[in-house]
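So the structure is just underneath, and the comments pick up after that.
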Amino acid sequence: MELAGKMALVTGASGFIGGHTARRLAIAEHMRVRALLRNPTGSTVVDLRHALIEPVCGDLLEPPSLEAACVGCDLIVHAATDTALTNRRLIRATSVDGTRNLLRAAGVAGAQRFIFISTFDVYFGSLKQFRDEDTPVHPFGDLYADGKILAEEVLLGPGTA
C-alpha cells in the first residue's frame, strides 16, 4: 500500500510508541495523520503539533467518537492501552471492548489496513519459559502484557470482531 497522501488514524499517540509512529507517518511517509487523544489539549510525550497531524478527541470505549475519527482513514494504527495499570477492569475494557470498537469503526470506514502494536512482554514477559510461535500465550499477571494479550485475542480470535 502506497502511504503518501493517505490518511492514518493513530491511537495512543500521546504515548511513546504511538507518538513516534504518528510523527513518522506524517514526516517520513508523507501521510495525513489523525492522532486519537482522550485530551487533545494535554501534554504529550512527542510533539504532535506537526502540520500533518490532526489531534482528534476520542475514547476507545465510546464507539461514536471512533466512527467519526475513522472516517476517511486508509490505515489504522492501534497503539493505545490504559497505562495507569491500576484497574484490571479498565484495562480489560480498554483492551477488549476498545479494540473491538476500533476494529468495527475501521471496518465501517473502509480502512484498508489495521495495525496493532503489541508488546514484547506478551511472548517473553516471563523469560523463565522459552516460547516460540507455536506456544500459546495466556495472561500471566503483568497488567500491561495481559491487556495486550486480550487485545490480540480480539483481533485474532474467530468471530470476535
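For the sequence shown, the residue numbers in my numbering are 1 to 161. Idealized CB from N, CA, C, for every residue including glycine. All values reported here derive from a predicted model rather than from experimental measurement.
Residues bridged to residue 10 [DSSP beta-bridge criterion]: 35 and 77
Residue 95 beta carbon less than 8 Å from that of residue 35: no
Enclosing beta strand (DSSP E) for residue 54 [first to last residue]: 53–57
N-terminal and C-terminal residue of the alpha helix (DSSP H) that residue 16 is part of: 16–27
Reference residue 1; option with closest CA among 97, 119, 112 and 14: 112
Residue 115 - partner residues in DSSP beta bridges: 77
Cβ-based burial, residue 156 [other Cβ within 10 Å; buried from 16]: exposed
CA-to-CA distance, residue 54 to residue 122, given in whole angstroms: 31 Å
Environment of residue 91 [buried if 16+ CB atoms lie within 10 Å]: buried
For residue 163, the three-state DSSP class (helix, strand or coil): The structure shown has nothing for residue 163, since the chain only spans 1 to 161.
Secondary structure of residue 45, DSSP reduced to three states: With a pLDDT of 48 at residue 45, under the threshold of 50, the modelled position of that residue is not reliable, and no figure is offered here.
Residue 68 (DSSP reduced to helix, strand or coil): helix
Integer-rounded CB distance, given that residue 10 should sit under 8 Å from residue 22: 4 Å
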